[in-house]
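Working notes, beginning with the structure itself.
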Amino acid sequence: MDTEALKIPKKKKLVALWVEAEGQVIASVFLQLQSDAHSGEETPEDIFNRPDTFIVVQIEDPQETRFYHMGRVTRVEYHEDAPPESSSDLSELACRLTLVDGSQVEGTIREFLLPEHSRLYDYINKSEKRFVKLYESEDQVILVNKDHIINISPQ
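Letter by letter, the sequence shown follows residues 484 to 638 of my numbering.
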């Protein structure tokens, strides 16, 4: 039987994971060439916000495959290949997050939000996503696990 025909084509994306009890882990995640949720390729935000309990990553050194529990991933950092286009409908919410490990992360949430739900408070409480997506710069993204956030301050 040809098992190659059963494989789903994916591409590797290098990310830095911050994992409880391990600290920073440099690894690649596997992204589908076409997202199930939107047009274009799947993104790290897509896979970390799935309801899956574990995520598969490939560690570069030593070369090995690991399955990490999503609840133990504190944050994920990566370079976004195609930053979102600017739009007057895009809400930008600058904020600082304090995490349970004492670290602080600053960035900007960029989302299309309804005017009646465009406050930082509304976004954090309304979004069903497990990870908050912050832009540290134009193309540098930090995904922060909501379960590891102590507080959020508008900036």
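Even glycine gets a Cβ: it sits at the ideal position worked out from N, Cα and C.
If residue i and residue j are in contact, beta carbons under 8 Å, what's the gap, nearest whole angstrom?
i	j	result
E594	R579	Their Cβ separation, rounded to whole angstroms, is 17 Å, which puts E594 and R579 out of contact at 8 Å.
Y561	V508	Not confirmed; about 13 Å, so no contact.
S574	S601	5 Å
Grab me the residues of residue i's own chain with a C-beta within less than 8 Å of its C-beta, minus the 5 sequence neighbours each way, in chain order.
i	result
H631	T557, R558, L582, V583, D584
H552	T536, F537
V502	V508, Y551, R555, V556, T557
I607	V615, K629, I635
E524	K494, L514, Q515, L516, Q517, S518
Q587	R579, L580, T581
So what does residue i bridge to, in DSSP terms?
i	result
F550	V539
A577	T591
N628	F614
E560	A499, I625
V508	L500
Q517	Answer is none; Q517 lacks a bridge partner.
L582	I632
Given a cut-off of 8 Å on the beta-carbon distance, is the pair residue i and residue j in contact?
i	j	result
I592	L617	yes
A510	I542	yes
V540	L500	yes
I491	Q515	yes
E528	L626	yes
Suppose the cutoff is 6 Å on Cβ atoms and the five residues either side in sequence are ignored; what does the same chain contact list for residue i look like?
i	result
Q532	It should be pointed out that residue 532 corresponds to Asn in this sequence rather than to Gln. So the qualifying residues of the chain are K612, R613, F614.
Y494	A small fix is needed here, since residue 494 is Lys in this sequence, not Tyr. Answer for K494: L514, listed in chain order.
S570	none
T548	Q541
Please list, in chain order, all residues of the same chain as residue i whose beta carbon is under 7 Å from its beta carbon, the five residues on each side excluded.
i	result
G554	D630
E619	G590, I625
D572	F595
Q638	A577, C578, R579, E589
N628	V556, T557, R558, R613, F614
I633	T581, L582, V583
Report yes if the C-beta of residue i is less than 7 Å from at least one heavy atom of the ligand NAP; otherwise report no.
i	result
N628	Among the components of this structure there are no ligands whatsoever, and the ligand NAP is therefore not found.
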